[in-house]
Amino acid sequence: IGKEKFHKSQHWGYCNNVAMLVGENKPGIGGEPLPGQNLKPKYSVFPEGMGSDAPAWVAFDKQVLSFDAYFEEEVPEKNQELYRIRRCKIYFYLEDDTIQVIEPQVTNSGINQGSIVRRHRIPLPPPQEDQFYTIEHFNVNTEVIFYARKYKIIDCDQFTKNFLRKMGIRLNPPAGRPDDPYTKERQKILDSMNPLRPYERFDTLKQFLEYDRHVLRFYCVWDDPESMFEDPRELVLHYYLSDDTIDIKEIIPVNSGRDAVPLFLRRDKLPKYAPTGLYQPGTITRRTVLNVLGSLTGGRGCYMLDNRKTGAVHQEFYRDSDLKIGAVINVWGRKIRLCDCDEFTKDYYRTKYGIEDFTPVPYKAPPPPKPVKTFPPYTGFGSEEDSLCSCMGLLPKPPQKDFKKFMEKDRCGMESNILRFLAKLVTDSPIDQDRKFIVSYFLSDDTISIFEHKQRNTGILGGKFLERGRIKKPGQELFKSEPSEYFKAQNLFIGARVCFHGHNFLLVDADEYTINYMEKHANEFSVADIGVIFKKLKDMTEPRFREIRQMFAATDPEHTKVIEYDSFRNLIADITSGAFSEHEMMTLGRYYSEKDEYEMDLHFLLAMAQEQLKKNNFEDFGQMSAVLMYKDREKQVTSVYSKLCGVLPREVCRTVCKSFKLPLADDDLQALLTMFEDDHKQVEYKKFVDGLNWRENLIPAFQTIKVPPKNEDDWRGQPPSLPVNRIKYLPLLDDLFGKEE
């Protein structure tokens, strides 16, 4: 019969849109309810369309109703208690109507506490054991029975109250929980018990946790009257806020003759000095014994303590409120004055006590003037730096070089960091007047080397004229204590007269790299700073602006607005009366020079590029063309900006060429890509690759073009490749005197 009833009432259906074995709401044959079946109403109390259509295990996920409850447990085996009141928590999980009962842990209860009923669906008590507890069975101030144990619900949390109200359940007022009789009786016994010995608890944990590693530091001084010389002794006082202890450390000067000890006063609480003197040992105790009963030798005696502490002596100790700048404290009979403190101590007193005046007390005598350290004069053996290092200490050390400057100014790639000048000897000898020298200044270590240009039929062997090294300026005393001055890069410029070891040179020219370097670092070289030169020229020519305009106009009779550099140089030299050097006039001319616009021949540039690719055996033109076509196809898919086929942006083509390690300089590559651009600034990459392909499209005209190789090390002082020829003087006059109406 039971199986029949099960098969009739339990069959497959849908609950919350999930297929499961259900049977609570399925009626019998003809729609009549089965025996013991309570059908739920067909219509909900809420209007249709309210709420979510999600399943319960989704809509009510992690939503739990919490109830406070207790139950009575009989204790038949003990006379001290007949029953116990055990409080617990009842959790109702809305997602699946499961229930869990947990008892909170109570210290020293001796009862296994924790989970009383594990989480599951709990059936109703008989005779309705075929049904389960739902949310309608729970309310405040009601009783529920779980497995024959009665639980009294006394209260619930705020979320549970709100949820039950929304479900239409009227909440009962909360009930009180009765006290456990045994616990109440036990508490009375504990309250009535007094310890035989008075126990005083001093809780210092809070102070330790709050002020651990917080230390006040004061700088002190102690005038020792018993000292032979009565010199003040400097001390440092540390006050530890975590336990109100103090330690003092002495600052012992160098060569003072005093023994170095770790601490002047070890860390401990520092008592204040009593008016009657220090207390004798045994005066301050924790407890006072009033009377002793019985014999002390037999071990059977007893004693009585003074709970009121009528004769106790209270010792006062130094606290942070007693320490301030200018105060005098007594450290076991020694008068110590607080003179200064650190910034943390100032912030602490400013925050806690509102003190703003932290004027230090002067306690240090002014230090004696340090004797001037003099060095013996140079002996002439070795270099001056090496001889000076032997005077610095007992163990001589080699002189230290400026390694940072060496790494920054050493030769790196195309940057040689070498300034080269063409020089001539300043002499009356007709033979030496035609000799040419290359003066090289190395920026990495400020050394100079001189090479002489070989000239045929002069009878003078060219080559190395002066070994590389630092050169002293002339006119200095040889044997002196001060270090000598050496030639710097700022002392070398076009038109400068320098004396190297008795030989007078005139710097008449410089290579293009030197001129560009000096103009790039104009803050270091005043002769190449156009701002300084312009200001200097303006101050000298402003009173004569009309005369100067007429002088420039007379030099240009055809009104071409440009003049030759030689005429410009002669005019500047006459106007400044020789105050400008050749380098300053050249810098001014380069700034206002006429820039020639050179149009690069595509045929010549392609021929030069093919020759470079041929020398490096570069033949990956097919792969490069395939990658460029892939980039073009990718651009057509991801962008609608370009509607042309076979073109790419210049940067994309440049990146692809760099990925193939194309053996071309970046400037040449940029110029080639620019020449293959169309009207939309897009590079026609097919024509670009075909133009570089020296295998299929070789340019034979390149064989007749001879380009002299540019080797910076073979410079012989010839004029630069793009000399300053023509000067636009009108912009110069407008900048000096303003535009003429």
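Position 237, counted from 1, in the sequence shown is what full-length UniProt numbering calls 237; the numbers after and before it change by one each time, with no gaps. Beta carbons are placed, not taken as given, at the ideal position from N, Cα and C, and that holds for glycine.
Straight through space, the alpha carbons of Val426 and Gln433 are spaced by roughly 7 angstroms. Proximity to Lys480 across Val221, Ser321, Ser581, Phe381 peaks at Phe381, based on C-alpha coordinates.
Check the Cα spacing between Pro396 and each of Tyr349, Pro281, Asp402, Asp386: the tightest is with Asp386. Taking every protein chain shown into account, the CB of Val292 has fewer than 16 other CB atoms within 10 angstroms, so this residue is exposed.
In the structure shown, Ile530 adopts helical secondary structure according to DSSP, grouped into three states. Beta-bridge partners assigned by DSSP to Ala510: Phe421.
Asn417 is a Cβ neighbour of Lys409, given a cutoff of 8 angstroms.
For Ile336, no alpha helix (DSSP H) run applies; the uninterrupted beta strand (DSSP E) run containing it begins and ends at 334-341, by DSSP. Excluding sequence positions up to five before and after Glu684, its CB lies within less than 7 angstroms of the CB of Gly646, Val647, Phe676, Asp678, all in the same chain and listed in chain order. Distances from the alpha-carbon of Gln113 to those of Arg86, His680, Arg726 put Arg86 closest.
Three or more beta-carbon pairs drawn from the stretch 730-737 and the stretch 529-541 are found closer than 8 angstroms, and the two stretches are therefore classed as touching. Taken atom to atom, the span from the alpha-carbon of Ile145 to that of Gly176 is near 19 angstroms. If you keep only unbroken alpha helix (DSSP H) runs of at least 4 residues inside the UniProt domain "DM10" (415-522), you get 430-433, 512-520. Counting C-beta atoms within 10 angstroms of its own C-beta, Asp212 has fewer than 16 neighbours from the protein chains shown and is therefore classed as exposed. Distances from the alpha-carbon of Gly110 to those of Ile122, His120, Arg84 put Arg84 closest. Cβ atoms of Val439 and Phe505 come within 8 angstroms of each other, at about 7 angstroms.
In the DSSP assignment, Asn330 forms a beta bridge with Lys335. A direct Cα-to-Cα measurement between Tyr318 and Leu265 gives close to 14 angstroms. Judged by beta-carbon spacing, Ile135 lies beyond the 8 angstroms limit of Val117, meaning their Cβ atoms are not closer than that value. When rounded, the separation of the alpha-carbon atoms in Val689 and Ala609 is 12 angstroms.
Cβ-Cβ separation between Pro173 and Asn139: approximately 11 angstroms, too far for a contact (criterion under 8 angstroms). Per the DSSP secondary-structure output, Met304 pairs in a beta bridge with Asn291. Here the alpha carbons of Phe208 and Ser242 stand approximately 4 angstroms from one another. Rounded to whole angstroms, the separation of the alpha carbons of Gly354 and Arg337 is 22 angstroms. Separation of Glu72 and Thr183 (C-alpha to C-alpha, rounded to the nearest whole angstrom) is 14 angstroms.
In the three-state scheme derived from DSSP, where H, G and I count as helix and E and B as strand, Phe208 is classed as helix. For Asp247, the enclosing beta strand (DSSP E) has its first and last residue at 245-250.
Nearest to Pro483 by C-alpha distance, out of Phe604, Asp666, Val106, Ser383, is Ser383. Going by C-alpha positions, Asp322 is about 16 angstroms away from Glu356. Contact between the stretch 453-461 and the stretch 488-498 is absent, with fewer than three C-beta pairs closer than 8 angstroms. Taking 8 angstroms as the upper bound for CB-CB distance, Leu692 and Phe621 are in contact here, some 7 angstroms apart.
Counting C-beta atoms within 10 angstroms of its own C-beta, His680 has fewer than 16 neighbours from the protein chains shown and is therefore classed as exposed. Rounded to whole angstroms, the gap between the alpha carbons of His238 and Val215 is 6 angstroms. Going by beta carbons, Cys339 and Cys220 fall inside the 8 angstroms limit. As DSSP reads the structure, Leu235 sits in a beta bridge with Cys220, Glu250.
By the CB criterion at 8 angstroms, Val236 and Ile246 fall outside the cutoff.
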